[in-house]
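**Q**
Protein chains: 2
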Amino acid sequence: MNVFVIGIGLIGGSFVKDVKTNMPETIVYGIDVNASHLEEALALGLIDKKSNYEELHLADFVMVSIPVDVMVRELPKILNAISDECVVCDAGSTKELICAELDDHPKRRNFLACHPIAGTEFSGPSAAIDGLYDGKTNIICEVEKTAFKLQEKALSIFQLLGMRIRYMNPKAHDKHIAYVSHLSHISSFMLGKTVIEKEKNERDIFDMAGSGFESTVRLAKSSPSMWTPIFEQNKENVIETLEEYIQNLSEFKALLLKDDFEGIYNEMNNTNKIKSILKGIPLNKNNR
Amino acid sequence: MNVFVIGIGLIGGSFVKDVKTNMPETIVYGIDVNASHLEEALALGLIDKKSNYEELHLADFVMVSIPVDVMVRELPKILNAISDECVVCDAGSTKELICAELDDHPKRRNFLACHPIAGTEFSGPSAAIDGLYDGKTNIICEVEKTAFKLQEKALSIFQLLGMRIRYMNPKAHDKHIAYVSHLSHISSFMLGKTVIEKEKNERDIFDMAGSGFESTVRLAKSSPSMWTPIFEQNKENVIETLEEYIQNLSEFKALLLKDDFEGIYNEMNNTNKIKSILKGIPLNKNNR
Chain S
1 MNVFVIGIGL IGGSFVKDVK TNMPETIVYG IDVNASHLEE ALALGLIDKK SNYEELHLAD
61 FVMVSIPVDV MVRELPKILN AISDECVVCD AGSTKELICA ELDDHPKRRN FLACHPIAGT
121 EFSGPSAAID GLYDGKTNII CEVEKTAFKL QEKALSIFQL LGMRIRYMNP KAHDKHIAYV
181 SHLSHISSFM LGKTVIEKEK NERDIFDMAG SGFESTVRLA KSSPSMWTPI FEQNKENVIE
241 TLEEYIQNLS EFKALLLKDD FEGIYNEMNN TNKIKSILKG IPLNKNNR
Chain R
1 MNVFVIGIGL IGGSFVKDVK TNMPETIVYG IDVNASHLEE ALALGLIDKK SNYEELHLAD
61 FVMVSIPVDV MVRELPKILN AISDECVVCD AGSTKELICA ELDDHPKRRN FLACHPIAGT
121 EFSGPSAAID GLYDGKTNII CEVEKTAFKL QEKALSIFQL LGMRIRYMNP KAHDKHIAYV
181 SHLSHISSFM LGKTVIEKEK NERDIFDMAG SGFESTVRLA KSSPSMWTPI FEQNKENVIE
241 TLEEYIQNLS EFKALLLKDD FEGIYNEMNN TNKIKSILKG IPLNKNNR
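Top to bottom, those sequences are chains S and R. For the first sequence, this note's numbering assigns the number 1 to the initial residue and increments by one for each residue that follows. For the second sequence, this note's numbering assigns the number 1 to the initial residue and increments by one for each residue that follows.
In structure tokens form, the structure reads like this:
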């Protein structure tokens with residue numbers, strides 16, 4: 001089987017790493033606008049060959065893991081270049097615009113809109129890790145628009161990698177993901193900003209910050225090039241979540257201002273039920 | 001050596017666990033208002049004996065790890081009950097009120113105001129872990145008010161446990177810690193609240209949330225009984241950090257509203273330097 005990966009960073013790199021482990025006979029072709037990333041991916045053994053769109057007709061399966069703004073522009077070209085038996089999956093964190101843009105494409109049946117909920121705060125080929133997708137959820141949108149045999153081909157690979165599949169429409173995906181992923185990134189970036197602004201002397205942060213702070217600002221290490229277009233494409237939903245978040249923070253502040261510490265206790269106590277919710281979230285096995 | 005631990009949860013329990021590992025001849029006495037926690041600590045081998053204030057005169061070293069409101073009330077009584085050769089350390093996340101309240105105490109020289117920057121989101125004796133303090137920072141306030149020999153006694157134990165010592169005045173401690181610890185907890189609790197409110201059907205959160213969300217809301221599992229009095233004692237500083245955080249979130253929202261995605265990119269890019277800062281934070285070795 002010929003697997004092409006377009007965009008070889010954390011997401012694409014980890015994907016083909018697992019593909020090669022589970023299907024050793026696979027030949028992995030890599031495409032990336034960043035020539036040094038491509039070299040690095042080859043040196044790391046993530047890909048077998050450097051490739052380009054002219055060779056895409058050789059592909060049985062294509063994973064596209066590039067920023068979502070580039071995705072919207074490139075997916076039509078990628079679909080134009082593949083054979084009828086090839087299935088193209090994306091790994092974008094937004095689904096509505098991507099699905100809308102491809103809706104009329106003559107090869108729409110060759111596309112499977114995916115969002116594997118997996119990642120770390122790192123990026124680039126060297127960030128690729130084994131088993132990133134094991135036990136993780138892959139959200140598939142508009143599955144009915146993909147040819148049945150091509151759905152099957154993609155699902156068999158996802159299954160080999162240990163992924164759980166959930167089906168959802170693109171609108172619902174973008175709305176929900178704004179809460180459980182996009183908002184977390186903003187809260188983390190702005191927390192980082194607030195502390196950096198205050199603590200001009202970095203040594204002070206370093207000495208006083210513990211693992212709790214590290215955990216809440218971890219996502220502030222994420223790639224701005226990847227996240228800016230996500231926020232752009234999911235702007236309406238993200239603004240809604242941000243408004244609710246700011247509102248909740250302001251209410252918490254108001255409780256402090258009026259010395260309502262019973263109210264403060266209740267706010268936290270009610271949110272403690274996140275404990276039982278979080279128990280169900282599959283984590284990276286080599287989390288650190 | 002007789003070590004007393006008052007309040008046997010995550011902090012006190014982990015402390016005596018390491019004390020027993022490093023100084024096996026130590027006898028550990030436990031005091032806790034929660035009888036079942038005391039039984040549990042005994043069963044887990046965290047303490048050798050259940051004890052009470054009447055036996056405190058036997059103590060060479062006392063670690064007080066109780067909520068900071070109870071701390072302010074209990075520390076004077078504890079100091080009254082100990083011998084002249086005993087040193088009492090606290091592990092409170094606030095220092096200003098505690099130091100102020102003890103300033104005139106006849107046994108002030110027997111007290112060492114400490115804040116070991118260590119913990120997890122869990123609580124109770126069963127949350128105690130080995131090596132929690134190894135490589136962590138212990139912030140000591142008003143060290144000059146503690147008798148020199150008693151400073152030495154406490155420091156030798158902290159050193160055995162692998163802690164780094166930093167000296168700071170209580171006011172600076174409370175101000176800085178609001179940024180790198182207290183604010184993180186509020187951002188996490190309110191993030192949890194925002195998502196729970198929206199996603200009434202918990203199954204949806206469970207299916208779509210990944211390790212990034214888990215990381216940013218981890219602190220929302222923390223104990224409200226422990227955190228409410230911390231926010232109360234550090235109210236002024238916490239409100240200031242909250243205002244700055246809300247301001248930064250509002251500015252981010254404003255950039256989204258006016259489609260200034262270059263601005264959004266820059267916000268994230270500037271905050272990315274948290275990467276190099278975070279490299280210096282010592283994490284729990286068995287983080288999960």
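Cβ atoms here follow ideal geometry from the backbone N, Cα and C, with glycine treated the same way.
Can Lys95 of chain S and Ala118 of chain S be called in contact, C-beta distance under 8 angstroms?
**A** No; because the gap between Cβ atoms is not below 8 angstroms, this pair is not in contact.
**Q** Using a Cβ-Cβ cut-off of 8 angstroms, state whether Val217 of chain S counts as contacting chain R.
**A** It does: the Cβ of Val217 of chain S has a partner Cβ on chain R nearer than 8 angstroms.
**Q** How about the region 209 to 223 of chain R and the region 261 to 276 of chain R: do they share at least three Cβ pairs that are nearer than 8 angstroms?
**A** No, they do not touch.
**Q** Tell me whether Pro170 of chain R is buried or exposed, calling it buried when 16 or more other Cβ atoms sit within 10 Å of its Cβ.
**A** So Pro170 of chain R ends up on the buried side.
**Q** Name, please, each residue of chain S whose Cβ falls closer than 8 angstroms to the Cβ of Lys221 of chain R.
**A** What Lys221 of chain R touches in chain S: Asn272, Ile274, Lys275, Leu278.
**Q** At the level of alpha carbons, what is the spacing between Val143 of chain R and Lys107 of chain R?
**A** If I take the Cα positions, the gap works out to 14 angstroms.
**Q** Rounded to whole angstroms, what's the CA-CA distance from Ala41 of chain R to Pro224 of chain R? Just pull it up for me.
**A** Distance between the alpha carbons of Ala41 of chain R and Pro224 of chain R: 21 angstroms.
**Q** At a CB-CB cut-off below 8 angstroms, which residues of chain R make contact with Phe189 of chain S?
**A** Those are Phe252, Glu267, Met268, Thr271, listed as they occur along chain R.
**Q** Between Tyr29 of chain R and chain S, is there a C-beta pair that is closer than 8 angstroms?
**A** Not an interface residue.
**Q** Is Gly263 of chain R helix, strand or coil when you go by DSSP?
**A** Of the three classes helix, strand and coil, the one that applies to Gly263 of chain R here is helix, per DSSP.
**Q** Cα separation between Thr228 of chain S and Glu236 of chain S?
**A** When rounded, the distance between both Cα atoms is 14 angstroms.
**Q** Can you give me the Cβ contacts of Ser126 of chain S inside the same chain, cut-off strictly under 6 angstroms, excluding the 5 residues immediately before and after it?
**A** Result list for Ser126 of chain S: empty, nothing under 6 angstroms.
**Q** Rounded to a whole number of angstroms, what is the C-alpha to C-alpha distance between Lys49 of chain S and Ala43 of chain S?
**A** Looking at the two C-alpha atoms, the distance is approximately 10 angstroms.
**Q** Using beta-carbon positions only, say whether Ser215 of chain S and Phe213 of chain R come within less than 8 angstroms of one another.
**A** The answer is no: Cβ separation not under 8 angstroms.
**Q** Buried or exposed: where does Asn52 of chain S fall if 16 or more other Cβ atoms within 10 Å of its Cβ makes it buried?
**A** Asn52 of chain S is exposed by the Cβ-count criterion.
**Q** In the structure shown, what three-state DSSP assignment does Ala147 of chain S receive?
**A** Coil, per DSSP.
**Q** Is any beta-carbon of chain S found at less than 8 angstroms from that of Glu142 of chain R?
**A** For Glu142 of chain R, the answer is no, since every Cβ of chain S falls outside 8 angstroms of its Cβ.
**Q** Quick one: grab the DSSP three-state call for Cys114 of chain R.
**A** Cys114 of chain R: strand per DSSP, three-state reduction.
**Q** Would you call the region 273 to 283 of chain S and the region 5 to 25 of chain R in contact, with 3 or more CB pairs under 8 angstroms?
**A** Taking 8 angstroms as the limit for Cβ pairs, the verdict is that the region 5 to 25 of chain R does not touch the region 273 to 283 of chain S.
**Q** Using a Cβ-Cβ cut-off of less than 7 angstroms, list which residues of the region 150 to 168 of chain R approach chain S; keep chain order.
**A** Cβ contacts with chain S: Arg166.
**Q** Val195 of chain S versus chain R: which residues are under 7 angstroms apart at the beta carbon?
**A** Those are Tyr179, Val180, listed as they occur along chain R.
**Q** Beta carbons nearer than 8 angstroms to chain S: which residues of the region 115 to 136 of chain R have them?
**A** Flagged, chain order: Ile117, Ala118, Gly119, Thr120, Glu121, Lys136.
**Q** Using the Cβ count rule (16 or more neighbours within 10 Å means buried), how would you classify Asn234 of chain S?
**A** Flag for Asn234 of chain S reads buried.
**Q** Along the chain, where does the alpha helix (DSSP H) that runs through Arg73 of chain R open and close?
**A** From DSSP, the alpha helix (DSSP H) with Arg73 of chain R extends over 68 to 81.
**Q** CA-CA distance, Tyr179 of chain S and Gly131 of chain S?
**A** Each residue's alpha carbon lies about 26 angstroms from the other.
**Q** Residues of chain S with CB closer than 8 angstroms to the CB of Lys198 of chain R, please, in chain order.
**A** The answer, in chain order, is Tyr179, Thr241, Glu244.
**Q** Look at the Cβ atom of Ile324 of chain R, then the Cβ atom of Leu255 of chain S, and state whether they are nearer than 8 angstroms.
**A** Nothing can be reported for residue 324 of chain R: it is not among the residues displayed for chain R, which extend from 1 to 288.
**Q** Have a look at Asn110 of chain R and Asn2 of chain R and give me their C-alpha separation to the nearest angstrom.
**A** Cα to Cα, Asn110 of chain R sits roughly 16 angstroms from Asn2 of chain R.
**Q** What in chain S is Cβ-close to Asn322 of chain R, meaning under 7 angstroms?
**A** Nothing in the structure corresponds to residue 322 of chain R, since chain R is present only between 1 and 288.
**Q** Can you tell me which residues form a DSSP beta bridge with Ile27 of chain S?
**A** Note: Ile27 of chain S sits in a beta bridge opposite S:Asn2.
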